[in-house]
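Asker:
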Amino acid sequence: MLELCELLKINVNELLSGERIMAEAYDKRAEENLLAMRREVEEKNRQMLRTEYWIGAPATIAGLVMCAVAAYVEMAVWLRIVLIVFALVMIVAVAFIAVGIEQKAGYYECQNCHHRYIPTYWQTNLAMHMGRTRYMKCPECSKWSWQKKVLSKEKEVQ
Ligand SMILES: [Zn+2]
155 MLELCELLKI NVNELLSGER IMAEAYDKRA EENLLAMRRE VEEKNRQMLR
205 TEYWIGAPAT IAGLVMCAVA AYVEMAVWLR IVLIVFALVM IVAVAFIAVG
255 IEQKAGYYEC QNCHHRYIPT YWQTNLAMHM GRTRYMKCPE CSKWSWQKKV
305 LSKEKEVQ
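Taking my numbering, the leading residue of the sequence shown gets 155, the next gets one more, and so forth.
1. Given a threshold of 16 other Cβ atoms within 10 Å of its Cβ, counted over all protein chains shown, does residue 172 qualify as buried or as exposed?
2. Give me the Cβ distance between residue 255 and residue 202, rounded to the nearest whole Å; I'm assuming they're in contact under 8 angstroms.
3. How should residue 253 be labelled, buried or exposed, when 16 other C-beta atoms within 10 angstroms of its C-beta is the threshold for buried?
4. Verify the contact flag: residue 307, CB atom, against every heavy atom of ligand 1, threshold strictly below 7 angstroms.
5. How would you label residue 288, buried or exposed, when you count the other beta carbons within 10 angstroms and need 16 or more for buried?
6. For residue 167 and residue 183, what's the separation of their Cα atoms in angstroms?
7. Between the region 264-275 and the region 230-247, can you find at least three pairs of beta-carbon atoms closer than 8 angstroms?
Now the structure itself:
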């Protein structure tokens with residue numbers, strides 16, 4: 155170290171403080187990168203949830219319109235049946251896809267211990283729900299609660 159100081163024409167103190175500044179700068183950079191990465195993931199999850207909505211809402215409306223048409227417009231019975239069956243199959247298929255998107259985007263938070271996790275597809279699909287809040291069992295504390303959708307695993311969301 156002394157040789158190095160002599161070579162650089164600085165004293166040991168200067169050498170050590172320089173190292174400290176470098177380390178601090180490195181820590182700050184790492185922290186910033188981590189934050190940027192987290193924001194990116196959150197944004198991706200937000201977009202996925204938007205996609206869920208833009209797939210689910212039009213399909214539901216189209217299905218309901220088809221059922222209304224089948225019920226009120228004059229047509230052959232077989233055509234009514236085809237229309238209703240098609241509408242129901244479409245709504246169910248889209249609902250399954252939408253749940254898949256919702257399950258993969260972000261996390262659910264336990265209301266008891268605030269643990270955040272990703273449940274399995276079927277756990278998500280079969281859970282009672284109000285919007286995106288689902289009644290599920292927490293894998294951490296094993297309590298049942300209405301778990302809210304959150305965008306990131308960390309608590310402090312920007
Ligand atoms: Zn819990």
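Note that the Cβ used here is the ideal one computed from N, Cα and C, for glycine as well.
Answerer: Taking the structure as given:
1. exposed
2. 5 angstroms
3. buried
4. no
5. buried
6. 24 angstroms
7. no
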